[in-house]
Amino acid sequence: MLREILEKRFTAKWWSDKPIEQEKLDYILDCAYSAPSKNGKYNYEIFVLGDSEKSNEIKQWLYWENTYCIGGERLREGPIGHRRYNGQVLAPTVLVWVAKHKNEETFNDCLVSSTIAMIASEEQGINTGFNGCLGEKETAEKLGRYDSSHAPIAMGLGYIDKMDDDIQREVYKDNVKYGFDYGNVKPEIRRGPNRVGKKTKDELIHLM
Ligand SMILES: Cc1cc2nc3c(=O)[nH]c(=O)nc-3n(C[C@H](O)[C@H](O)[C@H](O)COP(=O)(O)O)c2cc1C
């Protein structure tokens, strides 16, 4: 049942090396391709970053140079050690939605398509992590789109390495602590800063 699948979902951040099976990826992309689009415009593209040299270079760039934040602000100046990274962009497969124009209509289309990809993945037993914290223009350019294109959303897909009890894990490079990221934390654990704000069902849904 979809409800049970979604109730078990969490934002995955830390991955095993195991790649997604080709037939599962094909299924996920077919589902994303079936997404509706306002007025049928489909003014976006989906880039699939896998294990090629180019893909890995873009993932590393996204992770270390483009998506970390301090105090919720992307690429904020501050001492190394306090950055909060976004491990979603290091997943075995990373999907990046690139909108041809920066407007609400296209942004909505990207979110509909990416949500369908998330559901299709979770249905296949693949973990997912949305990432909306990225340099939209720079990422589109990194993918070879130098016109008015912007990348509003990316999503990591794969199998996690392990679940965490702690709500965060530290991030090191060359034995230096660069910061941290949230862990792979079960949905029942509500104490993380990204979880405490969730409203109750009655606060969120109003039967009129
Ligand atoms: C559109 C969208 C963008 C998101 N962007 C980010 C992001 O950039 N970084 C991040 O750590 N989580 C991101 N998330 C994940 C949310 O923070 C997460 O879903 C929420 O905190 C609840 O946690 P859970 O998914 O583990 O239940 C995003 C979620 C959505 C729906």
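Numbering (our numbering), first residue to last: 41 to 248. Every residue gets a Cβ at the ideal spot worked out from N, C-alpha and C, and that includes glycine.
### Query
How long is the line joining the alpha carbons of residue 257 and residue 147, rounded to whole angstroms?
Absent from the structure is residue 257, since the part of the chain shown begins at 41 and ends at 248.
### Message
On the CB-based measure, 16 or more other CB atoms within 10 Å of its CB, does residue 84 come out buried or exposed?
### Response
Locating residue 84 in the sequence shown gives position 44, counting from the first residue. By the 10 Å Cβ count, residue 84 comes out buried.
### Task
Could you please give the first and the last residue of the uninterrupted beta strand (DSSP E) stretch that includes residue 208?
Here residue 208 is taken as the residue at index 168 of the sequence shown, counted from 1. Where residue 208 is concerned, the enclosing beta strand (DSSP E) stretches over 208–213.
### Query
If you draw a straight line from the alpha carbon of residue 122 to that of residue 248, how long is it in whole angstroms?
As a first step, residue 122 must be located in the sequence shown, where it is residue number 82. As a first step, residue 248 must be located in the sequence shown, where it is residue number 208. About 45 Å.
### Query
Given that a residue counts as buried once 16 or more other Cβ atoms are within 10 Å of its Cβ, and exposed if not, what is residue 240?
Position 200 of the sequence shown holds residue 240. Looking at its Cβ environment, which holds fewer than 16 other Cβ atoms inside 10 Å, residue 240 is exposed.
### Query
Measuring CA to CA, which of 82, 158 and 103 is closest to residue 221?
Residue numbering aside, residue 221 sits at position 181 when the sequence shown is read from its first letter. Selected option, being the one with the closest Cα: 103.
### Message
Can you tell me whether residue 198 sits near ligand 1, meaning its C-beta is under 6 Å from at least one heavy atom of the ligand?
### Response
On the sequence shown, position 158 is the one that residue 198 refers to. Every heavy atom of ligand 1 is 6 Å or more from the Cβ of residue 198, so no.
### Query
For residue 155, which of 43, 195, 203 and 165 has the nearest alpha-carbon?
One-based indexing of the sequence shown puts residue 155 at position 115. Nearest option by C-alpha distance: 195.
### Task
Report, in whole angstroms, the separation of the C-beta atoms of residue 169 and residue 208, which I expect to be a contact under 8 Å.
Looking up residue 169 in the sequence shown gives position 129. Looking up residue 208 in the sequence shown gives position 168. Contact flag wrong, Cβ pair sits at about 14 Å.
### Query
Under three-state DSSP, which class holds residue 43?
Looking up residue 43 in the sequence shown gives position 3. Residue state, collapsed to three classes: helix.
### Task
Tell me whether residue 219 sits in a helix, a strand or coil according to DSSP, three-state version.
Your numbering for residue 219 matches position 179 in the sequence shown. DSSP places residue 219 in strand when its eight states are reduced to three.
### Query
If you run the structure through DSSP and keep just helix, strand and coil, what is residue 145?
Taking the first residue of the sequence shown as 1, we reach residue 145 at position 105. Residue 145: helix per DSSP, three-state reduction.
### Query
Can you give the Cα-Cα distance for residue 162 and residue 45, rounded to whole angstroms?
As a first step, residue 162 must be located in the sequence shown, where it is residue number 122. As a first step, residue 45 must be located in the sequence shown, where it is residue number 5. Taking the straight line from one Cα to the other gives about 7 Å.
### Query
Mind checking whether the beta-carbon of residue 170 lies closer than 6 Å to any heavy atom of ligand 1?
For the purposes of this step, residue 170 is taken as residue 130 along the sequence shown, with counting starting at 1. At least one heavy atom of ligand 1 is nearer than 6 Å to the Cβ of residue 170, so yes.
### Task
Consult DSSP for residue 84 and reduce its assignment to one of helix, strand or coil.
Translated into the one-based positions of the sequence shown, residue 84 becomes position 44. Three-state result, residue 84: strand.
### Query
Using CA coordinates, which residue listed in 157, 57, 80 and 78 is at the minimum distance from residue 90?
On the sequence shown, residue 90 is found 50 positions in, with the first residue counted as 1. Shortest Cα-Cα distance from residue 90 to any of 157, 57, 80 and 78 involves 57.
### Task
Enumerate in chain order the residues of its own chain whose CB-to-CB distance from residue 153 is below 6 Å, with the five nearest sequence positions on each side excluded.
To locate residue 153, count along the sequence shown from 1; it is residue 113. Hits under 6 Å: 72 and 75.
### Message
Looking only at its chain, what residues have a beta carbon closer than 8 Å to the beta carbon of residue 201, apart from the 5 residues adjacent to it on each side?
### Response
Taking the first residue of the sequence shown as position 1, residue 201 is located at position 161. Closer than 8 Å at Cβ, skipping near neighbours: 54, 55, 56 and 224.
### Query
According to DSSP, what are the bridge partners of residue 190?
Your numbering for residue 190 matches position 150 in the sequence shown. BP columns for residue 190 point to 139.
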